[in-house]
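Step one of this worksheet: look at the structure below.
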Amino acid sequence: MQHAAASQWLKELVVRLPAQLLEGLVAHRGFHCPQLLDKRPLECTLPALASAWDAGVKLCECDVRLSSDGEILLFHDEALDRLTGSTGMPKIAEMTAEELMQKPLLQGACICSLQETLQTALRKKCKLVIELKGFDDGGVGRAVAVLLSSQPELLGACALVMSFELEQLRGFASGLQRPQLLLLTCVPRPGLEARYQTLDLGSSSYMETVVEHLERKDLCLDGFYMEWTERLTNIDNEALRHLCRRCTVGVWQRFGQTDCEKE
């Protein structure tokens, strides 16, 4: 069975983790590794997510985008190039869902829909952490909101929805039955694109930024998913504890830090 050895390695690792750590652990795009394509499933595919879930990691992160006909599909990149091993491939938004799901990826993997993935997670009693991708007018956020409100049973398989893009999160109306909404933030740095929101716990005014976002009526935010920095474990530790008392907080790996075997 392909990937069997890697899956067994993950299972043996998971049983050694403290229960409290495992409860909040999120598998980034499922169990995968770009440098080990012959040993692990392809990112953001059902095999990658199922490998993590079956090993005991009950939360999996995935990225979603819209096809040209408005279907919500699991895919991180804007275009197909990297996961097909080809160049000059179309963008996700330029093809229909049927065309995309018939397009073979590396390993013979296939793109899957968010609806199918949520249904699978529900059967396995696991959950997704959904990141909304796309720089449009918030279409993918609205589409996910419509899906979850029209099929509320799928909420049981959705731990939270997050995005770097404020416009995407505005798709979830106030009062709507929904999962938790978190704003993805970065550590401030020179050259950071303006579209990224920042949150610096070392700043004396960080709580003002937090309150400003949480009280915005057009966002309905429940918290923040912050970029990790070593300061969080020492210098900014007390500020992090204070923030956790105020709202929901998640932490993600740093920009440029790839998913590799050593991490």
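Taking the working numbering as reference, the numbering of the sequence shown is continuous, increasing by one, and the terminal residue is 263. Glycine residues also receive a C-beta, built at the ideal position from the N, C-alpha and C atoms. All of these numbers come straight from a predicted model, not from anything done at the bench.
Among the options, nearest to residue i - alpha-carbon criterion
i, options, result
"residue 107", "45, 131, 52", "45"
"residue 282", "62, 43, 224", "Residue 282 falls outside the range modelled here, since the chain spans only 1 to 263, and no answer is possible."
"residue 51", "9, 101, 238, 231", "9"
"residue 232", "216, 251, 219", "251"
"residue 85", "70, 97, 98, 105", "105"
"residue 129", "173, 27, 186, 13", "27"
"residue 43", "80, 13, 11", "80"
"residue 227", "242, 249, 218, 208", "249"
"residue 253", "147, 229, 240", "229"
"residue 240", "210, 215, 216, 219", "210"
"residue 214", "174, 138, 193", "174"
"residue 47", "12, 35, 34, 7", "7"
Rounded Cβ spacing between residue i and residue j (contact assumed at less than 8 Å)
i, j, result
"residue 171", "residue 65", "The pair is not a contact, with the Cβ atoms about 14 Å apart (cut-off 8 Å)."
"residue 181", "residue 221", "6 Å"
"residue 265", "residue 157", "The chain is shown from 1 up to 263; residue 265 falls before or after that span and cannot be answered."
"residue 101", "residue 68", "In fact, because the Cβ distance is near 13 Å, the residues do not count as touching under 8 Å."
"residue 164", "residue 195", "7 Å"
"residue 145", "residue 178", "7 Å"
"residue 83", "residue 62", "Rounded, the Cβ-Cβ distance is 13 Å, inconsistent with contact."
"residue 41", "residue 31", "7 Å"
"residue 149", "residue 176", "6 Å"
"residue 140", "residue 147", "Not really, about 10 Å apart at Cβ, beyond 8 Å."
Extent of the continuous beta strand (DSSP E) run through residue i
i, result
"residue 162", "158-163"
"residue 182", "180-186"
"residue 248", "248-252"
"residue 225", "223-227"
"residue 26", "26-28"
"residue 74", "72-74"
Terminal residues of the alpha helix (DSSP H) in which residue i lies
i, result
"residue 213", "206-214"
"residue 11", "4-14"
"residue 84", "81-84"
"residue 176", "Unbroken run through residue 176: none, as it is neither H nor E."
"residue 167", "166-169"
Item to check | In chain order, each beta strand (DSSP E) run of at least 3 residues that lies wholly inside the stretch 42-67 | outcome: 59-66
Item to check | Contact between the stretch 53-64 and the stretch 14-22 (3+ Cβ pairs under 8 Å) | outcome: The stretch 53-64, when compared against the stretch 14-22, does touch it at the 8 Å Cβ threshold.
Item to check | Any 3 or more C-beta pairs closer than 8 Å across the stretch 66-83 and the stretch 99-116 | outcome: yes
Item to check | Whole runs of the alpha helix (DSSP H) within the stretch 90-144, excluding any shorter than 4 residues | outcome: 97-101, 114-124
Item to check | Validate contact between the stretch 75-91 and the stretch 114-125 using beta carbons, cut 8 Å, 3 pairs | outcome: no
Next on the checklist: Measuring CB atoms only, is the stretch 198-206 touching the stretch 155-171, in the sense that at least three cross pairs come out at less than 8 Å?
Outcome noted: no
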